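Residue numbers (this note's numbering): 1315 to 1688.
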């Protein structure tokens, strides 16, 4: 039979998304069993940092991270050059004007990264399929390896010369439009140290947005604000950033190691994606026809249904398997349900898309409790 017809015999009693610890998942089941659906349960994130302190702590962490990026070997030596290009610092004429030029330059940086957050919104529905693509993960891994090699001075990646060329010499009149434009350019050409951090923050923002955390969209903008913070003061001629020196070589090597670790992570995801996978989309790897039969069986037995939308490439799904669905109390509770795992290896698969659209799935993991209409 048709799964949509089979669903007409059920009411949607509860839905949730993201990682949930056993206690939270039991609360979700209690809510679903106690009455009709009242809104949506927003799950916690598998990252213990987010689970304990929420997104505000993550925003603070990224803000400080953005500020620290100014101390990297790709950014710090370029600060006097960029101040000269935008006509700030000593050539601004006054501290007030220099501060304003630096602030506008910083605004350009923040908005450039904020725009990446908007791109995440526009592509939020399909971002899961991009992250599940082994080719996407392979490209990210290769880029990160190249950036790491640049940190170790094996290859040369120097974006700074493009900034100078685009600046067309110094901006003697101190044009605010020029300062803003150069801020945007500097954000996009920030160099090998900054690119992996920006990429990681954008991917993390996309993941948060998929699990109903709208605040995730702010993260790239917050990173930009962190990077922008010193610029008004530098523009006013206040020197509080350390001078470039031998210590920067150690920072470079540390960054190189960190970037290599990220490259390994994406390479591993790519390798797993290219391996032949026996799992197919649908209920426990079977088709949507099996989905319909499972619903019919549940209705005949008078049992509620728990649908778990999952995928092998989804980190939070693995965390759920390891921490929540393996919990003895959860296992006992699920004896009262027909537990269906809807595997979504390929979100572009027409069968998967149809189910996702019907339930309003933004990305795995997602859970739906259906009660039989008697």
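Just so you know, even glycine gets a beta-carbon here, dropped at the ideal spot from N, CA and C.
In this text, all values refer to a predicted model and were calculated from it rather than measured experimentally.
Endpoints, the beta strand (DSSP E) within which residue i is located
i            : result
residue 1328 : 1324–1331
residue 1255 : Residue 1255 is absent from the model: the chain starts at 1315 and stops at 1688.
Residue i versus residue j: straight-line alpha-carbon distance, rounded
i            : j            : result
residue 1386 : residue 1523 : 29 Å
residue 1462 : residue 1339 : 41 Å
residue 1323 : residue 1337 : 30 Å
residue 1546 : residue 1495 : 16 Å
residue 1667 : residue 1674 : 10 Å
residue 1568 : residue 1454 : 20 Å
residue 1580 : residue 1452 : 7 Å
residue 1534 : residue 1572 : 19 Å
residue 1514 : residue 1537 : 11 Å
residue 1450 : residue 1517 : 12 Å
residue 1342 : residue 1508 : 40 Å
residue 1676 : residue 1429 : 21 Å
residue 1490 : residue 1418 : 7 Å
residue 1560 : residue 1396 : 22 Å
residue 1329 : residue 1371 : 27 Å
residue 1373 : residue 1316 : 45 Å
Under the three-state DSSP convention, the category residue i falls into
i            : result
residue 1365 : In this predicted model, residue 1365 has a pLDDT of only 46, less than 50, meaning its place in the structure is not dependable; the value taken from the coordinates is given anyway. In this structure, residue 1365 counts as helix in the three-state DSSP scheme.
residue 1466 : coil
residue 1653 : strand
residue 1676 : coil
residue 1629 : helix
residue 1615 : helix
residue 1360 : Confidence at residue 1360 is low in this model, with a pLDDT of 42, below 50, so the placement of that residue should be treated as unreliable; the coordinate-derived value is given next. Correct three-state label for residue 1360: coil.
residue 1551 : coil
residue 1584 : helix
residue 1420 : helix
residue 1513 : helix
residue 1659 : coil
residue 1565 : helix
residue 1386 : coil
residue 1313 : The structure shown does not extend to residue 1313, since the chain is modelled only from 1315 to 1688, so the question has no answer here.
residue 1666 : helix
Cβ neighbour criterion (16 or more within 10 Å) applied to residue i
i            : result
residue 1548 : buried
residue 1672 : exposed
residue 1582 : exposed
residue 1614 : exposed
residue 1687 : exposed
residue 1564 : exposed
residue 1670 : buried
residue 1544 : buried
residue 1657 : buried
residue 1596 : Unreliable placement is indicated for residue 1596, whose pLDDT of 46 sits below 50; the coordinate value is still reported in the next sentence. Label assigned to residue 1596: buried.
residue 1427 : buried
residue 1511 : buried
residue 1344 : exposed
residue 1649 : exposed
residue 1622 : buried
residue 1584 : buried
Residue range of the alpha helix (DSSP H) that includes residue i
i            : result
residue 1310 : Because residue 1310 is not part of the residues shown, which for the chain are 1315 to 1688, the question remains open.
residue 1347 : 1336–1348
residue 1540 : 1533–1542
residue 1319 : 1317–1321
residue 1496 : 1490–1502
residue 1642 : 1642–1648
Sub-8 Å separation of residue i and residue j beta-carbons
i            : j            : result
residue 1638 : residue 1631 : no
residue 1346 : residue 1683 : yes
residue 1606 : residue 1331 : no
residue 1327 : residue 1431 : no
residue 1275 : residue 1420 : Examination of residue 1275 is not possible in this model, given that the chain is present from 1315 through 1688 alone.
residue 1609 : residue 1320 : yes
residue 1501 : residue 1380 : no
residue 1384 : residue 1390 : yes
residue 1412 : residue 1551 : yes
residue 1652 : residue 1685 : no
residue 1604 : residue 1626 : no
residue 1458 : residue 1577 : yes
residue 1678 : residue 1628 : yes
Neighbour flag for residue i against chain D, beta carbons, 8 Å
i            : result
residue 1497 : Of the protein chains in the structure, only one exists, and it is not chain D.
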